[in-house]
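Asker: Submitted below is the structure of interest, expressed as structure tokens.
There are 2 protein chains.
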Amino acid sequence: MLSFTEENYLKAIYHISESGANDVSTNALAEEMKTKAASVTDMLKKLSQKDLVEYKKYKGVKISKLGEAVALQVIRKHRLWEVFLVERLQFNWDEVHDIAEQLEHIKSPLLIKKLDAYLEHPKYDPHGDPIPDENGQFGPISRTPLAELQTNSTGKFVAVKDSSSPFLQYLDKVGLYIGATILVLEIIEFDGSREIEVDGQNKIFVSQQVANNLLIH
Amino acid sequence: MLSFTEENYLKAIYHISESGANDVSTNALAEEMKTKAASVTDMLKKLSQKDLVEYKKYKGVKISKLGEAVALQVIRKHRLWEVFLVERLQFNWDEVHDIAEQLEHIKSPLLIKKLDAYLEHPKYDPHGDPIPDENGQFGPISRTPLAELQTNSTGKFVAVKDSSSPFLQYLDKVGLYIGATILVLEIIEFDGSREIEVDGQNKIFVSQQVANNLLIH
DNA sequence: AATATTTTTTAGGTTAATCTAAAAATGTAT
DNA sequence: ATACATTTTTAGATTAACCTAAAAAATATT
Ligand SMILES: [Mn+2]
Ligand SMILES: [Mn+2]
Ligand SMILES: [Mn+2]
Ligand SMILES: [Mn+2]
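Here the protein sequences come in this chain order: B and H. Position one of the first sequence corresponds to residue 3 (our numbering), numbered consecutively onward. Position one of the second sequence corresponds to residue 3 (our numbering), numbered consecutively onward.
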């Protein structure tokens with residue numbers, strides 16, 4: 003039985019290698035886990051011992067097949083609980099992450115099976131992230147930042163890259179929600195900001211930074 | 003912020019003093035917590051330090067007002083989650099306790115508020131135990147073991163005293179469920195077993211031990 | 001290639017929760 | 001009241017997860 007901490011390390015290693023490098027550095031992990039490099043080294047030895055990661059001193063770490071399976075189950079639980087919180091308990095999408103961080107560690111395969119059925123086997127969480135199935139699989143995800151869309155082209159807003167509360171609250175305020183159709187009206191060269199049209203209705207301005215964090219299909 | 007362990011100790015102290023003695027002994031707690039007396043002594047010093055219990059060396063321990071409030075919130079969460087698991091996720095009543103033991107430690111007052119509303123403010127859990135409200139209050143509970151009912155008298159089955167899986171599964175098998183009306187047809191003096199009629203329909207025999215663990219109103 | 005900088009590991013400590021074994025206090029029985 | 005038994009506490013270790021400071025390895029810069 004893995005501890006909460008071990009599960010969180012595996013999730014962190016998975017997420018870091020997902021978005022970039024093949025070998026995850028001790029420092030990158032320390033930052034992600036909000037802990038010190040020395041503590042990370044200790045934990046990597048333990049995870050390596052349990053065959054959850056492949057670790058060579060000074061060479062960084064790579065998640066193993068076994069470790070990845072664990073990470074994907076934890077991610078599955080996290081995202082299913084987020085769906086539950088938003089769809090059933092009427093939480094706003096900016097309020098659910100921290101609670102899901104706790105719920106993702108509840109150990110009961112039957113609970114997750116039943117929760118999944120109760121939610122009618124959702125494929126995406128409230129932030130547009132895919133929910134792995136019981137076997138840790140999910141379909142190919144094709145999404146690009148709005149920033150890559152050219153003037154006069156259209157896309158469907160499918161996910162957020164940053165899912166911090168302030169960003170999500172900003173999206174609420176300007177009326178951007180997952181599923182919305184976005185048309186790029188104009189790109190300001192000076193600062194990379196854009197004027198966009200949402201659902202063929204209201205026109206809004208978004209900064210370059212916002213455009214980078216809206217994922218479109 | 004209290005640890006899971008601290009919360010579990012408080013719940014154990016509350017439950018032991020609820021069903022009996024005023025001062026809870028170190029050994030009673032050790033048994034309930036499945037740990038050793040020496041560990042209990044350590045923890046009692048810590049809880050006392052935090053004003054969650056009143057502890058005098060060799061004199062046993064008593065929960066404080068503050069500790070009781072914590073215990074009642076944990077119990078509230080445990081029972082609300084049990085309702086959720088049975089009513090919404092279709093768990094059987096014998097499967098939910100261990101999962102609720104984990105869920106009861108999730109920290110989010112808003113989550114419990116919303117869960118309570120979602121479940122429509124249930125007053126009792128699937129085993130007939132009362133659910134404390136946000137302030138830790140619950141109405142007076144009047145219930146007696148079926149064993150105290152006399153021949154030819156009737157009662158409504160409202161709760162189980164033992165909520166172990168084997169007992170609950172036995173009740174399922176013989177068709178006894180919370181809410182059923184029970185009429186005592188005959189008490190066998192020899193072994194205290196009884197013939198009872200459930201909902202004016204099927205007649206069954208139950209042992210003395212079963213009669214002690216069915217609570218009636 | 002030698003030196004400086006950065007990254008990572010090791011060494012040694014801390015805290016929470018547990019344990020065993022021994023000592024101290026309390027309770028019971030002649 | 002004294003001896004015996006039981007309960008409880010203390011003493012000293014252990015494990016997981018963290019820390020700081022120092023040493024070692026890897027990387028970058030002259
Ligand atoms: Mn999340
Ligand atoms: Mn999410
Ligand atoms: Mn329970
Ligand atoms: Mn219950």
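Glycine included, C-beta positions come from ideal geometry on N, C-alpha and C. Just so you know, these numbers come straight off a predicted model, no measurement behind them.
1. Going by C-alpha distance, which of H:L74, H:V76 and H:V55 is nearest H:S66?
2. Mind listing, in chain order, the continuous alpha helix (DSSP H) runs of no fewer than 4 residues lying wholly within the region 32 to 84 of chain B?
3. Please list the residues of the region 98 to 110 of chain B that have a C-beta atom closer than 7 Å to any C-beta atom in chain H, keeping them in chain order.
4. May I ask you to report which of helix, strand or coil DSSP gives H:E191?
5. Which whole-angstrom value is the C-beta distance of H:K116 and B:L170, which I expect to be below 8 Å?
6. Between the beta-carbon of B:V98 and the beta-carbon of B:E84, is there less than 7 Å?
7. With 16 other CB atoms within 10 Å as the buried threshold, where does B:L112 fall?
8. Establish whether the CB of H:L74 and some CB of chain B are separated by less than 7 Å.
9. Are B:A182 and B:D201 closer than 7 Å when you measure CB to CB?
10. Please decide whether B:F4 counts as near chain H, where near means a Cβ-Cβ distance under 7 Å.
11. Hey, is the region 138 to 157 of chain B in contact with the region 186 to 204 of chain B, meaning 3+ C-beta pairs nearer than 8 Å?
12. Along chain B, which residues have their Cβ under 9 Å away from the Cβ of H:L82?
13. Rounded to whole angstroms, how far is the Cβ of B:D131 from the Cβ of B:A161, which I believe are closer than 8 Å?
14. Rounded to whole angstroms, how far is the Cβ of H:I77 from the Cβ of H:P134, which I believe are closer than 8 Å?
15. To the nearest angstrom, how far is the alpha carbon of B:L82 from that of H:L216?
16. Of all the residues that make up the region 110 to 130 of chain H, which are near chain B by a beta-carbon distance shorter than 9 Å?
17. Excluding five sequence neighbours on each side, which residues of the same chain lie with their C-beta closer than 7 Å to the C-beta of H:E106?
18. Taking 6 Å as the limit between beta carbons, can you name the residues of its chain near H:S50, skipping five residues before and five after?
19. Can H:I18 and H:A32 be called in contact, C-beta distance under 7 Å?
20. Is it the case that the CB of H:F129 approaches a heavy atom of ligand 4 more closely than 6 Å?
21. Which of the three DSSP states, helix, strand or coil, is assigned to H:T153?
22. Quick one: what's H:V186 bridged to in DSSP?
23. Could you name the residues of chain H that B:Q92 contacts, counting a contact when the two beta carbons are closer than 9 Å?
24. Taking the beta strand (DSSP E) that B:L217 belongs to, which residues open and close that run?
25. Report yes if the CB atom of B:A104 is closer than 7 Å to the CB atom of H:I108, and no otherwise.
26. Curious, which full-length beta strand (DSSP E) runs of at least 3 residues does the region 83 to 164 of chain B contain?
27. May I have the straight-line CA-CA distance separating B:L121 from H:T146, to the nearest angstrom?
28. Find the nearest neighbour of B:I190 within the set B:G177, B:S209, B:G69 and B:Y179, judged by alpha-carbon distance.
29. Report yes if the C-beta distance between B:I206 and B:L148 is below 7 Å; otherwise report no.
30. Starting from B:V176, trace the alpha helix (DSSP H) both ways and give me its first and last residue.
31. For B:I206, report the span of its beta strand (DSSP E) as first-last.
Answerer: Per the coordinate set shown:
1. Nearest C-alpha to H:S66: H:V55.
2. Along the length of the region 32 to 84 of chain B, whole alpha helix (DSSP H) runs at least 4 residues long occupy 39 to 51, reported in chain order.
3. Within the region 98 to 110 of chain B, I101, Q104, L105, I108, K109 and S110 place their CB atoms closer than 7 Å to a CB of chain H, listed in sequence order.
4. When DSSP states are grouped into helix, strand and coil, H:E191 belongs to the coil group.
5. About 18 Å; that fails the 8 Å criterion.
6. Going by C-beta atoms, B:V98 is nearer than 7 Å to B:E84.
7. The residue in question, B:L112, is exposed, as its Cβ has fewer than 16 Cβ neighbours within 10 Å.
8. Taking CB atoms only, H:L74 has no neighbour in chain B less than 7 Å away.
9. In this structure, B:D201 lies closer than 7 Å to B:A182 by Cβ.
10. As written in the sequence, residue 4 of chain B is Leu, which differs from the Phe given in the question. It does not; no Cβ of chain H falls within 7 Å.
11. Contact between the region 138 to 157 of chain B and the region 186 to 204 of chain B is present: 3 or more CB-CB pairs across the two stretches fall below 8 Å.
12. In chain order: nothing, as chain B lies at least about 12 Å away.
13. Between B:A161 and B:D131 the Cβ distance is about 6 Å, and since that is below 8 Å, they are a contact.
14. Cβ-Cβ separation between H:I77 and H:P134: approximately 6 Å, consistent with a contact (criterion under 8 Å).
15. Counting only the Cα atoms, H:L216 lies some 37 Å from B:L82.
16. Flagged, chain order: S110, L112, L113, K116, L117, A119 and Y120.
17. So the qualifying residues of the chain are V76, K79, H80 and W83.
18. Taken in chain order, the residues that qualify are Y57.
19. Not in contact: H:I18 and H:A32 (Cβ atoms no closer than 7 Å).
20. The sequence shown places His at residue 129 of chain H, not Phe. Yes.
21. DSSP, read as helix, strand or coil, puts H:T153 in coil.
22. Listed as beta-bridge partners of H:V186 by DSSP are H:I198.
23. For B:Q92, the residues of chain H that pass the 9 Å Cβ criterion are K116, A119 and Y120, in the order they occur in the chain.
24. Segment L216 to I218, the beta strand (DSSP E) holding B:L217.
25. It should be noted that the sequence gives Gln, not Ala, for residue 104 of chain B. The Cβ atoms of B:Q104 and H:I108 sit closer than 7 Å to each other.
26. You should have 156 to 162.
27. The alpha-carbon of B:L121 is positioned some 40 Å away from that of H:T146.
28. For the residues B:G177, B:S209, B:G69 and B:Y179, the minimum Cα distance to B:I190 belongs to B:S209.
29. No.
30. Counting along the chain, B:V176 sits inside the alpha helix (DSSP H) bounded by residues S167 to V176.
31. Secondary structure note for B:I206: its beta strand (DSSP E) is the uninterrupted segment K205 to V208.
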